[in-house]
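Chains as they are written, first to last, in this note's numbering: chain Z, 6 to 484; chain B, 6 to 484.
Next up, the structure:
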């Protein structure tokens, strides 16, 4: 029996405590539809964390039980904020197994790479990318994008890994609706955010291809080296999908790297409703997406995929002597994650992704996504039918942007403040969690539906709350 | 009751399956001292993963149970490979809670930041860094180092985030024993690996301060801009601790950023035996270290700490409109991780670290580390007393490097091959897991002790196995 000095002193009572926490956790997950969506952390609970550095041992499990209701709220069917996945209860089973194995999946020959390679193979198939492509499971799209842009940088500039890069040489292109993680990747990689040209959008918030071509041509004239075009499959503000085939064609003729940010939207390939508009992903040199969003895998897990294995590997492989592989033994194995990304120590994220795909199958995952898209269409109709709600953007996917506009002569600043207050009160009252964004400089109530638990009735409750609170606030003379 | 289409169809049988997996996982952890250290994945198990993309649902739990014995082996007391923590069984309890909460800890106002801020506060105290410093929990030292070096880069070069950097301008310094993640950070950040000057070591494998000063001075003469010095607290090959006070003093007088790579070694501040040699960490501008190594938190969790909060924040903060914070509601909160690092979506790693520190207290964690250092000293004596074993490096901390040298006239190439084969056979026979490295161009058997379960008897078994297999191989005429 294990006898390390940090092992349980009494295995029976440890086992009992673990089963108790599991039951509490399952109870929480089972009743996730009930009660408030989000609750602020009570001061009494905050105080339990204000403690001096623990010198001696003490049992943390009671406090852990106390925190269960004070997460973000994204497991609740009326959580519509940002783009959070809802996760699934069964993820807990693979996490239990992972915790007991305590695997470092950075390399070597064990079951970790076996599982990860299989997940990557399935993902290449889901995304329509080449079978002999490569990839890596990462924490999420932010890191995936840094990896993808680094590979793009290094395949373009010989010796960039050794010599660094020349200031202002490389430039990239993405639409004004693209996610901030693209800009961040340019910052991290030393290219500078100004090297990422912001391409205007058409009325559907999709990248304008003519503007893209003009910008590329102008940059070439000015002596810059165009590096890449980043297309968006599901823009974070309102869900727009760029014309990916159109971008692919320009990237090909201009000899540019074609990256797709499919953070949540790429998962739409699992379903039928958005499938055709996403099929251009198959032509990408690289793709970043998250499992913890529309795939509904628990936090955190994302993925980066590449068309070409060797190009991917060439940007990261460089093992130190103490990490040299062997033909046999534990230092063997044909897939060392450290050759494909920046993390040397890595948890066993692959297991929960594999188990999730295996348990549900892609058909059920696709149906769940299509149901979300239909719910967004339902909400779009509900907004159109309400005199006091004004739509601010189309609903191409699963996100609605609209706002409450009372029959009063309010300027934009007042409407912004009113709608922001509506959102905060709906959150504070625990009714639902919408978030806000700006669409054409107007503050919008933003309803993102990436939750397999959401029903039409949840959207009805939301709409009613917006109308009620909007009217309540407009009666208030402080406006 | 939850009714999303990915929720369990039958909660009672789901609950039973989760408890069953928990019992199997606890059984595995309880018997971790028994049996083989590492076993290759059997082909029958590999075959279970060679499946087509799952279209329909199926239960993954039987296969998950099957993989439990085929991890890396780092939970076993005779795992001495690389620098892997052994973890603790109780980590499973916080992982169960985390999985049920499915928190995205990238920002907003919920219990995630409350726990993370407390962990960071405790870590600043453990490391002797300023109370008003800052930090972030990350996946591990590799990402922590990229974050730290980016902050160093951006505080030195005005507008580097926007404009990128000038090729060949910035240079940094670290010893020839430092970890490859420093070089990788220079690669990722666009500085280029050649900008990282490799400083020779003294006979104790510590950075040579005179050489450091000369290199800085030479670079200044050549027109380069010295940026940073990276000190190592626990070199990966054999555990050397650089003269951190000496580096701090040079960094101060030369106006350089002082970063410490304390991946595993910084944890030595919890104990008594290495404490004084590590106290120079308190003067670092930034520190990277792992919880999943000598702290014994389960994979994966690392940390980056900074002396100055504003400098840290200035290198990452730049929120998009849809992420704008509020005074109230869920978009409130005073610690958004996205302002301090590259990840926007993040799991709730903070919980397991908090629970671990709370459960064990720093005294027990320190004792466990000191016990490992004493075990390395015990092994050093055992090696000295064996005629056929030759030590290749001193043992300043918890790592022994030595090799089997039979009474034969073998050249270095043959001795390298012999010792590599010894290590592989010990792994393949399941006796123990040593790894190898090169010390002064000679292949060493490398014994790293970062495992709270290791006993003197485990080292005796290891030494005997090396001697037995070494002699067995030298009788073999193929040598």
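Backbone N, C-alpha and C define an ideal beta-carbon position, used for all residues, glycine too.
*Please report the residue range of the beta strand (DSSP E) in which residue 263/B lies.*
Residue 263/B -> beta strand (DSSP E) spans 262-266.
*Along chain B, which residues have their Cβ under 9 Å away from the Cβ of residue 123/Z?*
Neighbours of residue 123/Z in chain B, taken as residues whose beta carbon is under 9 Å from its own, are 54, 55 and 56 in chain order.
*Quick one, are the C-beta atoms of residue 456/B and residue 74/B less than 8 Å apart?*
Not a contact, by the Cβ cut-off of 8 Å.
*Taking only beta-carbon positions, decide if residue 172/B is within less than 8 Å of chain A.*
Of the protein chains in this structure, namely Z and B, none is chain A.
*Excluding five sequence neighbours on each side, which residues of the same chain lie with their C-beta closer than 6 Å to the C-beta of residue 38/B?*
Answer for residue 38/B: 82, listed in chain order.
*Straight-line CA distance for residue 20/Z to residue 220/B?*
Using only the alpha carbons, I get a separation of about 57 Å.
*To the nearest angstrom, report how far apart residue 88/Z and residue 111/B are at their CA atoms.*
Roughly 12 Å separates the two Cα atoms.
*Determine, using beta carbons only, whether residue 320/Z and residue 156/Z come nearer to each other than 8 Å.*
It is a contact, given that the beta carbons lie within the stated cut-off.
*Taking only heavy atoms of the ligand HEM into account, decide whether any of them is closer than 7 Å to the Cβ of residue 261/Z.*
For the ligand HEM, the structure offers nothing, since it holds no ligand at all.
*Taking only beta-carbon atoms, is residue 364/Z less than 8 Å away from chain B?*
Yes, its Cβ sits closer than 8 Å to a Cβ of chain B.
_Per-residue contacts from residue 299/Z into chain B (C-beta, under 8 Å)_ = Under the 8 Å cutoff, chain B gives no residues; its nearest Cβ is about 11 Å from residue 299/Z.
*asked:* When you compare the CB of residue 26/Z with every CB in chain B, is at least one pair closer than 8 Å?
replied: Yes, residue 26/Z lies at the interface with chain B (some Cβ there is under 8 Å from its Cβ).
*asked:* Give me the chain Z residues within the contact set of residue 132/B, using Cβ-Cβ distance strictly less than 7 Å, ordered along the chain.
replied: Around residue 132/B, no beta-carbon contact reaches into chain Z at under 7 Å, the shortest distance being about 11 Å.
*Going along chain B, which residues have a C-beta under 7 Å from residue 189/Z?*
Counting only Cβ-Cβ distances below 7 Å, residue 189/Z has contacts in chain B at 347, in chain order.
*Using a C-beta to C-beta distance shorter than 7 Å, which residues of chain B count as neighbours of residue 106/Z?*
Within chain B, the residues near residue 106/Z are 73 and 76.
*Residues of chain Z with a CB under 8 Å from the CB of residue 331/B: which are they?*
425 and 429, listed in chain order.
*asked:* If contact is defined by three or more beta carbon pairs under 8 Å, each pair taking one atom from either stretch, is the region 178-187 of chain Z in contact with the region 199-216 of chain B?
replied: By the criterion of at least three beta-carbon pairs nearer than 8 Å, the region 199-216 of chain B is not in contact with the region 178-187 of chain Z.
*Do you know how far the Cα of residue 139/B is from the Cα of residue 398/B?*
One C-alpha to the other measures close to 37 Å.
*Helix, strand or coil at residue 2/B according to DSSP, with G and I counted as helix*: Nothing can be reported for residue 2/B, as the shown portion of chain B is limited to 6 through 484.
*Who are the Cβ neighbours of residue 567/B in its own chain at under 6 Å, not counting the five residues just before and after it?*
Since the first and last residues shown for chain B are 6 and 484, residue 567/B lies out of range.
*asked:* With a threshold of 6 Å on Cβ separation, who are the neighbours of residue 371/B within its own chain once the five nearest residues in sequence on each side are excluded?
replied: If we look at residue 371/B and ignore the five residues flanking it on each side, its Cβ neighbours are 275 and 276.
*If you measure beta-carbon to beta-carbon, which residues of the region 435-458 of chain B are closer than 9 Å to chain Z?*
438, 440, 441, 442, 443, 451, 456, 457 and 458: these are the residues of the region 435-458 of chain B whose beta carbon lies less than 9 Å from some beta carbon of chain Z, given in chain order.
*With a cut-off of 8 Å, do at least 3 Cβ pairs link the region 352-372 of chain B to the region 61-74 of chain Z?*
The count of Cβ pairs closer than 8 Å, one atom from the region 352-372 of chain B and one from the region 61-74 of chain Z, reaches three, so the stretches are in contact.
_Whole-Å CB distance - residue 525/Z paired with residue 381/Z, under 8 Å assumed_ = This structure leaves residue 525/Z out entirely; chain Z is present only between 6 and 484.
_Below-8 Å beta-carbon distance, residue 227/B vs any chain Z residue_ = Against chain Z, the CB of residue 227/B has no partner CB under 8 Å away; the residue lies outside that interface.
*Would you call residue 315/B buried or exposed, if buried means 16 or more other Cβ atoms sit within 10 Å of its Cβ?*
When all chains shown are included, residue 315/B counts as exposed.
*Per DSSP, which residues does residue 234/Z bridge with? Please list them.*
DSSP, once it has assigned bridges, lists 178/Z and 263/Z as partnering residue 234/Z.
*By DSSP, does residue 443/B sit in helix, in strand, or in coil?*
Residue state for residue 443/B is assigned as strand, using DSSP reduced to three classes.
*Beta-carbon contacts of residue 264/B that lie in its chain and below 6 Å, excluding the five residues immediately before and after*: Excluding five sequence positions before and after residue 264/B, the CB atoms of its chain that fall closer than 6 Å to its own CB belong to 153, 233, 235 and 291, given in chain order.
*Please determine if the region 238-250 of chain B and the region 192-210 of chain B are in contact, where contact requires at least 3 C-beta pairs separated by less than 8 Å.*
Judged by Cβ distances under 8 Å, the region 238-250 of chain B makes contact with the region 192-210 of chain B, as three or more pairs qualify.
*In three-state terms, what does DSSP make of residue 396/Z?*
Residue 396/Z carries a strand assignment under DSSP once its states are collapsed to helix, strand and coil.
*Would you mind working out which of 278/B, 284/B and 347/B sits nearest residue 252/B, comparing C-alpha positions?*
For residue 252/B, the nearest C-alpha among the options comes from 284/B.
*asked:* Under DSSP, the alpha helix (DSSP H) around residue 295/B begins and ends at which residues?
replied: Counting along the chain, residue 295/B falls outside any alpha helix (DSSP H), though it belongs to the beta strand (DSSP E) covering 291-295.
*Could you tell me whether the region 114-132 of chain Z touches the region 351-365 of chain Z, using the rule of 3 or more Cβ pairs below 8 Å?*
In this structure the region 114-132 of chain Z touches the region 351-365 of chain Z; the number of beta carbon pairs closer than 8 Å is three or more.
*Delimiting residues of the alpha helix (DSSP H) encompassing residue 85/B*: Looking at the DSSP string, residue 85/B is not in any alpha helix (DSSP H), and its letter there is neither H nor E.
*asked:* Run through chain Z and tell me which residues come within less than 8 Å of residue 83/B, C-beta to C-beta.
replied: Neighbours of residue 83/B on chain Z: none; closest Cβ ~12 Å, over 8 Å.
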